[in-house]
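Visitor: Read left to right, the sequence shown gives residues 1 to 235 (full-length UniProt numbering). Just passing along the structure, written as structure tokens.
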Amino acid sequence: MLPIAKAEFIQMLRDPLVLFMATVIPLGISVFLYWNRDTIGGTPVIASLVMAVIPSFVVYASTTTTLASRRQNLFLKRMRSTSLSDPAILLGLSLVLIVLSAAQTLVILMVLTLVDSGPSSPVHVVAVLLLTHAMFFGLALATAGITSSPDSAQITVLPITMGVVGVATWVAATGTDEMAGLKLSLPGGAAAELIVQAWSEDATGEMTILLIPTLAWVGLAFLAARFLFQWEPRR
1 MLPIAKAEFI
11 QMLRDPLVLF
21 MATVIPLGIS
31 VFLYWNRDTI
41 GGTPVIASLV
51 MAVIPSFVVY
61 ASTTTTLASR
71 RQNLFLKRMR
81 STSLSDPAIL
91 LGLSLVLIVL
101 SAAQTLVILM
111 VLTLVDSGPS
121 SPVHVVAVLL
131 LTHAMFFGLA
141 LATAGITSSP
151 DSAQITVLPI
161 TMGVVGVATW
171 VAATGTDEMA
181 GLKLSLPGGA
191 AAELIVQAWS
201 EDATGEMTIL
211 LIPTLAWVGL
221 AFLAARFLFQ
231 WEPRR
């Protein structure tokens, strides 16, 4: 798995599209949110949006593009003839992007902590970070299954990317006093609400319950991936 990850890191440095989606876009949006934090809603809102924006581009969009590319050039097919297991192959191809996304997210959250205030419950923040990355990885596997080429990935990732970021923005900006059931059941909604609460309040058992919807979306994402992901090139 690690040799695959190392090769993918080198390949990413040579691929301007993946490199752009994995670094420039998420960091650019994060800087914009930071400089406008007072008008957007403060540190809790910015933290919740960062938690949605960075993995949606770095893990979800970039992994979908990478997997579509590796399937198109038959790399996936060749790797299945080796002794590596299917999960090891897929994780090896995505490991660099997952680590990069987590690192970028943590750095920005640390900056928010240093310049303003930190979360009252870092444990909940880390839990959301892990579950959100797992959800986007599963969604990337599923979306890659219906993506015929790296170029078409720019289109196929848009609904989920815009949807999750939109839901996170909606929940973080308006709260869950109204339509709580709908907001928390949508992907990214419960995670956004939990980050806002973790940054604003003392940790409570009710906050832990907010992990359940995101955990459910992780399961649904990998279930969809099981049925949709393809190793052979799409015709």
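Note that CB positions come from ideal geometry on N, CA and C, so glycine has one too. Please read these numbers as outputs of a predicted model, since none were measured by experiment.
Pair every Cβ in the stretch 17-28 with every Cβ in the stretch 56-70, then say whether three or more of these pairs are closer than 8 Å.
Guide: yes
Visitor: Might you give, ordered along the chain, the residues of its own chain that have their beta carbon closer than 6 Å to the beta carbon of A192, omitting 5 neighbours on each side?
Guide: Closer than 6 Å at the Cβ level, and outside the excluded window around A192, lie S48, A168, V171, A172.
Visitor: Assign S117 to one of two classes, buried (16 or more other C-beta atoms within 10 Å of its C-beta) or exposed (fewer than that).
Guide: Classification of S117: exposed, given that the 10 Å Cβ count is below 16.
Visitor: Near L141, which residues of its chain fall below 6 Å by C-beta distance, leaving aside the five closest residues on each side in sequence?
Guide: A225, F229
Visitor: Do the CB positions of F222 and G163 come within less than 7 Å of each other?
Guide: no
Visitor: Are there 16 or more other CB atoms within 10 angstroms of the CB of G145, so buried, or fewer, so exposed?
Guide: buried
Visitor: Can you grab the Cα-Cα spacing for the pair I4 / W231, in whole Å?
Guide: 16 Å
Visitor: In this structure, does DSSP put I146 in helix, strand or coil?
Guide: The three-state reading of DSSP puts I146 in coil, since its state is none of H, G, I, E or B.
Visitor: Helix, strand or coil for residue 244, going by three-state DSSP, please let me know.
Guide: Residue 244 cannot be examined here, being either before or after the span of the chain that is shown, 1 to 235.
Visitor: What does the alpha-carbon distance come out to for the pair L211 and F9?
Guide: 32 Å
Visitor: At the level of alpha carbons, what is the spacing between T176 and A190?
Guide: 9 Å
Visitor: I'd like the list of long-range same chain contacts for V196, defined as Cβ closer than 7 Å, with 5 residues on each side in sequence excluded.
Guide: The answer, listed in chain order, is P44, V45, S48, A172.
Visitor: Which same chain residues, not among the five before or five after A127, have their C-beta less than 7 Å away from its C-beta?
Guide: L211
Visitor: Would you list, in sequence order, the uninterrupted alpha helix (DSSP H) runs of no fewer than 4 residues that lie entirely inside the stretch 54-93?
Guide: Whole alpha helix (DSSP H) segments, 4+ residues: 62-72, 75-79.
Visitor: Buried or exposed: A180, going by 16 or more other Cβ atoms within 10 Å of its Cβ?
Guide: Around the beta carbon of A180, a 10 Å sphere encloses fewer than 16 other beta carbons of the protein chains shown; the residue is thus reported as exposed.
Visitor: Going by beta carbon distance, what residues of the same chain come within less than 8 Å of T156, once the five residues before and after it are set aside?
Guide: T64, T143, I146, T147
Visitor: Does DSSP classify L186 as helix, strand or coil?
Guide: Reduced to three states, the DSSP call for L186 is coil.
Visitor: If you count every other CB in all the chains shown that lies within 10 Å of the CB of L184, and 16 or more means buried, which is it?
Guide: buried
Visitor: By Cβ distance, which residues of its chain are closer than 6 Å to M135, with the 5 residues on each side in sequence left out?
Guide: W217, V218, A221
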